[in-house]
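For our numbering, add 268 to where a residue sits in the sequence shown, where the first one is 1. One structure is given here, and the rest of the page talks about it.
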Amino acid sequence: MSEDKANNCYRGRIAPTPSGFLHLGHIRTFRKAWERAKQAKGQLVLRMDNLDFDRCSSRFFDACIEDIEGMGISWDEGPDIGGDFGPYAQKMRSEIYLSVLRKLLELNLIYPCVKSRKEISSAGLMNSNGEEYLYPRHFRPLNNQWNKNEFPGAVNWRFATQWEKKISFIDQKMGKVDFKVGQEFSDFLVWRKDGFASYELASVVDDNLMKITEVVRGEDLLISSARQCLLFDALGWNRPDFFHCGLVFGVDGKKLSKSTRTLPRLFSTP
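This is the structure:
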């Protein structure tokens, strides 16, 4: 048990991406995060994961806050009320992410990637779930194939994983979860060529700096949690606990996606 947890300093977070309207799955996950923070007599942070400037908008930003408030969910820190660990919108934290990317570079844990999605998929290495293509080890560049003076440059950057390495963590709902590099995932993006941090890097940096002790998210992000564990470990930061909620599916059997704004109709009471 960490010192923070021993002192009952629970800090959870809800982190919507304002690229569309929230759906039932989001609200159930956010409610669970809120409930767990209340049960622990801890704090809850609202953070907007709005890294994608093209898809995220102020309209959806405002709608996220309105919908979450409409469920009777409250928070202790956030973009609307401030706090000690802001800013609470990722689009305002780019310099922080870049400084951590430099640290990963100094640790020789990342490398530039110029391979296209087509090239990666053409290599034909699919993960064990059949959900994504693995980045082949032989695609890694040699150390002298890029100019460190142009860092980060207009290229993607990947975290160099150790193939066959096992990653395990205890999920507070599911119990022990195990992953193996080279089967479920391989080298993953930490920086995009358009000049923004990846979801994996930004989430880890923010969860560490905002002192988050537990991350509540959907089961579809289990592999992301495993990747993020590698980043926490590489940077010498304590991992948070994880609680992965079950997914919500529509009448067509597919996972819900952001489309129309159905929350006011689905929920009438907190």
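Glycine included, each C-beta is placed from N, C-alpha and C at the ideal position.
In this structure Val-449 does not touch Tyr-365 by the C-beta definition: roughly 23 Å separates them, more than the 8 Å allowed. Beta-bridge analysis with DSSP links Gly-280 to Leu-312. With at least 16 other beta carbons inside 10 angstroms of its own, Leu-369 counts as buried. Taken in chain order, the whole beta strand (DSSP E) runs of length 3 or more contained in the segment 384-441 are 424-427 and 434-439. Annotation: the continuous alpha helix (DSSP H) that includes Arg-304 extends over 292-307. Using a 10 angstroms sphere on the CB of Gly-280, the tally of other CB atoms reaches 16 or more, which defines it as buried. Taking all protein chains in view, the Cβ of Lys-300 is crowded by 16 or more other Cβ atoms within 10 Å, so the residue is classified as buried.
Collapsing the DSSP output to three states places Phe-353 in coil. Put simply, the segment 379-390 does not touch the segment 343-362. Fewer than three CB pairs are less than 8 Å apart. For the segment 438-514, the continuous beta strand (DSSP E) assignments of 3+ residues that do not extend past its boundaries occur at 443-448, 456-459, 482-486 and 509-513, in sequence order. By the criterion of a C-beta distance shorter than 6 Å, Arg-507 is surrounded in its chain by Cys-497 and Phe-500, once the five residues flanking it on both sides are discounted. Cβ-Cβ separation between Glu-418 and Arg-304: approximately 44 Å, too far for a contact (criterion under 8 Å).
8 Å or more divides the Cβ of Asp-344 from the Cβ of Gln-307.
Taking all protein chains in view, the Cβ of Asn-318 is crowded by 16 or more other Cβ atoms within 10 Å, so the residue is classified as buried. For a cut-off of 8 Å, the C-beta gap from Leu-314 to Pro-286 is around 11 Å, too long to register as a contact. Counted as a single uninterrupted DSSP element, the beta strand (DSSP E) harbouring Ile-378 occupies residues 378-381. Rounded to whole angstroms, Asp-320 and Asp-462 show a C-alpha spacing of 10 Å. Per DSSP, Asp-330 is one residue of the alpha helix (DSSP H) stretching across 326-338. Boundaries of the alpha helix (DSSP H) harbouring Arg-370: 362-374, taken from the DSSP string.
Between Phe-427 and Ile-435, the C-beta spacing is not below 8 Å. With 16 or more neighbouring CB atoms inside 10 Å of its own CB, Met-478 falls in the buried class. In terms of CA proximity to Gly-350, Met-316 leads the group Cys-332, Leu-375, Ser-362 and Met-316. In its chain, beyond the 5 residues on either side, Leu-402, Gln-451, Glu-452 and Phe-453 have a beta carbon closer than 7 Å to the beta carbon of Asn-395.
Sequence-distant partners of Glu-487 (beyond 5 residues in either direction) whose C-beta falls short of 7 Å from its own C-beta, in its chain, are His-512, Cys-513, Gly-514 and Leu-515. Apart from the 5 residues on each side of it in sequence, Glu-387 sits with its Cβ closer than 8 Å to the Cβ of Phe-407 in its chain, given in chain order.
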